[in-house]
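Below is one structure, written out as structure tokens; the observations come after it.
In structure tokens, the structure reads:
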């Protein structure tokens, strides 16, 4: 079982030039270039939800958005031609009641 904390920073470390990681309110949308035997090469789509709130300021208690833990809440079941189409899927599949983030 993988117990590594997922953050925007760890997702950015995984992404290559064919993918993307985007902050969108309380969500993070991600797409990675992937190869499967059935679909060959394409991009997947993932939706993550923030599990922690950023803490502004300086010092040991501050935490930027990129350091906050994320939870995977949705993933496409097929690949897309590119990251743009994958992110379009993610935007269309966000939870309906999105909490407002100031």
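Numbering (UniProt numbering), first residue to last: 1 to 102. Note that CB positions come from ideal geometry on N, CA and C, so glycine has one too.
Within a Cβ cutoff of 8 Å, which residues of the same chain sit near residue i, ignoring the five residues on either side of it in sequence?
i: residue 52; result: 63, 68 and 69
i: residue 91; result: 24 and 29
Can you say whether residue i is buried or exposed, counting buried as having 16 or more other CB atoms within 10 angstroms of its CB?
i: residue 42; result: buried
i: residue 8; result: buried
i: residue 4; result: exposed
i: residue 57; result: exposed
i: residue 19; result: buried
i: residue 28; result: buried
i: residue 87; result: buried
i: residue 14; result: exposed
i: residue 31; result: buried
i: residue 38; result: exposed
Near residue i, which residues of its chain fall below 7 Å by C-beta distance, leaving aside the five closest residues on each side in sequence?
i: residue 89; result: 45, 76 and 80
Closer than 7 Å, CB to CB, is residue i near chain C or not?
i: residue 21; result: As a matter of chain content, chain C is missing from the structure shown, which is built from one protein chain.
Is the beta carbon of residue i sitting closer than 7 Å to the one on residue j?
i: residue 6; j: residue 12; result: no
I'd like to confirm the pairing. Which residues does DSSP put opposite residue i in its beta bridges?
i: residue 46; result: 30 and 75
i: residue 58; result: DSSP lists no partner for residue 58.
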